[in-house]
Amino acid sequence: MKQETLYRFFRGDASTAEQQDIMDWLDASPLHRRQFDHERAVYNALLLHGPEPQAVRRIRISWRKITRYAMETAAVVLLAAGMSWAYIDRQQENWQQLTTQIAAGEGQRIHLTLQDGTKVWLNSGASLEYPALFTDDLRRVTLKGEALFDVTKDKQRPFIVDTYACEVEVLGTKFNVNADKEEQTFTTMLIDGSVKVSSHSSDQQVILRPNQRVKLLADGHLMLSESNDANEYLWTEDLIQISDHTLPEMLERLELCYGVQIDVQLKEIPELKAMGKIRISDGLEHALNILQHNCKFRYTYNHDTRQLVIY
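Here you go:
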């Protein structure tokens, strides 16, 4: 199978005929499946490194070269890109459905397009499991961590984001989900369209309108509130908004963006009077220096353990 055809499939640009050709090709030989996994792994690595996958569809990529390139950048070591073969009822389908799991390493962000054209931005530490091809009446993905979704409209096939705590169902919309099982937190913020959030623990359902947020409380119930802060999702543009945030709020955002643990040992929390934005790619210590210009604190940072102490 030609690499450019497979890349169109990974990007969601393949025609119906090409999708069927790929499924038939995968069924024909285990060797084809290994080639598919190889090309998918290269494509996933390119989401973080090197040229855009769209720009390389006509060239043959050496896995040895991309591996060496990836090894030169520490963040990609944390990239979790796994393939698994999920078997479905052959009475309904005559071929095997593929699922892919991809994760953004600590301090990294990934932008990808699913087979149906839905765009997804994964924040640091987040992972997404999704089928290579949506085949049934639902488009279902599983999320751990924070992601922004811009869902392609399809009234016949609702799009569902499943998390440890809640399920978010949409037809076509733009929204942010943050589901952290370790911290026992879940929030959804609707930017455009309409979504329905269902709690796994309380059977409660909430329908959101634009600029509304729903948060999962400790008792398993959902709390709805208004939110007009679009700057909160500037992380998809490699930016963090400083204005109107406290120092603890900024430190929480730095923890997420850079994959560090911050221990605050301040006797009193200084007021943060900063304005503007921080570019995430400029690095953690650059961000801390900007904050230090606006409020008094010191810090120590252990690069090996990724532990940061604020005092």
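Counting from 37, one number per residue, gives the positions in the sequence shown under the numbering used here.
Think of the CB as a built atom: it goes at the ideal place given N, C-alpha and C, for glycine as much as any other residue.
Since this is a predicted model, take the numbers as computed values, not measurements.
- In this structure, Asn214 is the residue among Asn214, Thr136, Gln343 and Thr199 with its C-alpha nearest to the C-alpha of Asn159.
- Counting C-beta atoms within 10 angstroms of its own C-beta, Leu174 has fewer than 16 neighbours from the protein chains shown and is therefore classed as exposed.
- Listed in chain order, the non-local C-beta contacts of Lys332 below 6 Å within the same chain comprise Pro306, local neighbours out to five positions each way being set aside.
- Per the C-alpha coordinates, the member of Leu253, Glu268, Ala254 and Asp239 positioned closest to Asn247 is Glu268.
- Here Met259 carries a strand assignment [DSSP, helix/strand/coil].
- Shown here, Met225 sits in a strand according to DSSP, grouped into three states.
- Measuring C-alpha to C-alpha distances from Glu285 to each of Ser261, Gln144 and Leu327 identifies Leu327 as the nearest.
- Pairing Phe170 with Thr199 gives a Cβ-Cβ distance that is not under 8 Å.
- Burial state of Leu260 is exposed, judged by a 10 Å Cβ sphere holding fewer than 16 other Cβ atoms.
- Here DSSP, grouped into helix, strand and coil, assigns His147 to strand.
- Counting only the Cα atoms, Ser65 lies some 35 Å from Asp186.
- By the Cβ criterion, the stretch 281 to 299 is not in contact with the stretch 237 to 247, since fewer than three pairs of Cβ atoms, one from each stretch, lie closer than 8 Å.
- Assigned with DSSP and collapsed to three states, Val296 falls in coil, not helix or strand.
- Burial check for Glu75: the Cβ neighbour count within 10 Å reaches 16 or more, so the residue is buried.
- Within the same chain, Cβ atoms closer than 8 Å to the Cβ of Leu302 are found at Phe333, Ile346 and Tyr347, the five residues on either side in sequence being excluded.
- Among the bridge pairs identified by DSSP, Asp152 is matched with none.
- Residue environment: Gly181 is assigned as buried (16 or more neighbouring CB atoms within 10 Å of its CB, all protein chains considered).
- Annotated three-state conformation of Gln56 is helix, per DSSP.
- Leu184 places its beta carbon less than 8 Å from that of Trp157.
- For Glu142, the three-state secondary structure derived from DSSP is coil.
- Cα atoms of Ile227 and Asn212: separation of roughly 8 Å, rounded to the nearest angstrom.
- In the DSSP assignment, the residues bridged to Tyr335 are Ile346.
- Secondary structure of Ser235 (DSSP, three-state): strand.
- Annotation: the continuous alpha helix (DSSP H) that includes Ala323 extends over Leu320 to Gln328.
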